[in-house]
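To start, the structure under review is shown below, and the notes come after it.
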Amino acid sequence: MNPKTEVDSPARIGNSNQFGRGFLSTMSLLTFVVLVAIVSVEHSRQSLATAFDEGYGRAWTIFPWIVAGGRTIANGLRAFSGEPLNIPSNTAQLTALASLLLGFVICPTVYLFRWRDRHLRNVATSTHEHLTLPGLFFNYFTIVTLFLCIAIVPVATFGEFVRSSIRSAQAVQTNKDNMINDLDAIVVDLQQYRILPKSLGGGDGSCIGYNLAPGFAQTRNGVYSITVEKEKAVIVGRSLLFPSSSIKVELDAKGLELRQAKAGMVHGGPWHWMYEGKFL
Amino acid sequence: MNGGNMYGSLVSIRWQWLLVSFCSLVLYHLLPSYILLSPQPFLGFRRMWTIAAWLVVGIAAVSYYVSQRSSKPTIVEPAIASTLYSLLMIVYLPAPESAPVYYRHLSFLPVPLILSFVTAFTSAGIGVWLKARKTTLGLDT
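First to last, the protein sequences are chains P and H. The numbering used here puts the last residue of the first sequence at 390; the count rises by one with no breaks. The numbering used here puts the last residue of the second sequence at 698; the count rises by one with no breaks.
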């Protein structure tokens, strides 16, 4: 038997101790420490969560970029609301760095070096090896590495799904805002027509006879149509980007006096807005 | 590995492998889960089936590993250790707020314990059987 390339067979080991020196006691001690730490952290999680929320959001995570993305969005909303940005504390940043180093540098490195070592020694099976402390840590690094390899695919897929959803929602909102601006411009044009005398091409106090100019009937955002009565107008805009989505605005006599769409969009105001499709 | 050995392994419990099984569950299942998942109540799991899946998969994997590492058939030890481990998780880890009422009822306690025992026993049994098969076929080096 070559001691460099071969290990004890079960027959050779027989009933002898399969555990390396100090393995059981160290493993028990580690287990006790881990259990006490986890149980105590779990039971004080409220105070921990509060403390870390101030800085980063969570105590630690193996995917800190997800937390960072959430923090960036939250900071964007805070900036939009005029509130000061929530900057992660140095401790939180170091924790994130430690998570990255542990998960994506140390664990895979140890795992791959150990795997290469075993491959060179031609150790085909681990059944007959003694359970040792280095093996204990190697197993731990292996689990972390394999977990990351498995988890990274759904995490990346879910991330891309979220990004795609956000882009789609932003596109819908942008199109909706642009169509509201178009409708506002149409109403202003209608109001001009209504107040102008007939000698100047207006309606002389009536909306009847108003037609949409080509620049208003179709824009980059949507296609618009209008139905008018003397003191009432109904404008319908259908989105070009999202054909199933449309906006309908009804104006009565009071609404025709208002100059700004924003004033007319007040709930219960004289401009009655109705949305369909993705604009709901 | 014959039927006599298998029977012997079922009636005599080797405390070292019981300890190794329990420690393996804590170090290879609980600790990585705790570090890799966020430190939320019950590791961030919010639904009962995710907790059950987390326990069953972890217990099955660790029990299989223990049965593979032991030179003798080791089936009962991982099963007992898994039952203790499940009991520890249920008693000491705070339940998620969305957990149903029956989760906190004492009469529900045997369900996860029996599930853990059966899972570990089955997984370790499969491990022992596969190892015996490898030995029989001469694939074990």
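Beta carbons: idealized from backbone N, C-alpha and C, even for Gly.
P:His229: not part of any beta strand (DSSP E); member of the alpha helix (DSSP H) spanning Cys217 to Arg231, first to last residue. In the three-state reduction of the DSSP assignment, P:Ser356 falls in the strand class, which pools E and B. Under the three-state reduction of DSSP output, P:Leu390 falls in the coil class, being neither helix nor strand. Taking CB atoms only, P:Val254 has a neighbour in chain H less than 8 angstroms away. Assignment of beta-bridge partners to P:Ser349 by DSSP yields P:Gly332. Residues of the same chain with a CB within less than 8 angstroms of the CB of P:Phe326, apart from the 5 flanking positions on each side, are Asp292, Ala295, Ile296, Asp299 and Tyr334 in chain order.
A Cβ-Cβ contact shorter than 8 angstroms links P:Gly130 with P:His240. Straight-line measurement puts the Cα of H:Trp606 at about 26 angstroms from the Cα of P:Glu270. Shown here, P:Leu241 sits in a strand according to DSSP, grouped into three states.
Between P:Phe248 and P:Arg224, the CB-CB gap stays under 8 angstroms.
For P:Thr141, the nearest beta carbon of chain H is closer than 8 angstroms to its own beta carbon. Scanning its chain for C-beta atoms nearer than 8 angstroms, with the 5 sequence neighbours on each side dropped, one finds around P:Val220 the residues Phe247, Phe248 and Phe251, in chain order. The straight-line gap separating the alpha-carbon atoms of P:Ser191 and H:Tyr642 is approximately 48 angstroms. Sequence-distant Cβ neighbours of P:Arg304 in its own chain, meaning closer than 8 angstroms and more than five residues away, are Gly312, Gly313, Gly315, Ser316, Cys317, Tyr320 and Leu366. Excluding five sequence positions before and after P:Cys217, the CB atoms of its chain that fall closer than 6 angstroms to its own CB belong to Phe251, Val254 and Thr255, given in chain order. Taking a C-beta cut-off of 7 angstroms against chain H, none of the residues of the region 261-284 of chain P qualify. Closer than 9 angstroms at the C-beta level to chain H, one finds these residues of the region 206-228 of chain P: Ser209, Leu212 and Gly213.
At a beta-carbon threshold of 8 angstroms, none of the residues of chain H lie near P:Asn331; the nearest stands roughly 41 angstroms away. By the beta-carbon neighbour count (other beta carbons within 10 angstroms, threshold 16), H:Ile637 is buried. Between the alpha carbons of P:Ile345 and P:Val338 lies a distance of about 8 angstroms. For P:His382, the secondary structure class from DSSP, reduced to helix, strand or coil, is strand. Setting aside the 5 residues that flank it on each side, P:Ala266 has no residue in the same chain whose C-beta is closer than 8 angstroms to its C-beta. By the CB criterion at 8 angstroms, H:Val577 and H:Val623 fall inside the cutoff. Between H:Ala617 and H:Thr693, the C-beta gap is not smaller than 8 angstroms, which leaves the two residues out of contact. Beta-bridge analysis with DSSP links P:Ala343 to P:Val338 and P:Leu361. Residue burial is scored here from C-beta neighbours: P:Leu207 has fewer than 16 other C-beta atoms within 10 angstroms and is therefore classed as exposed.
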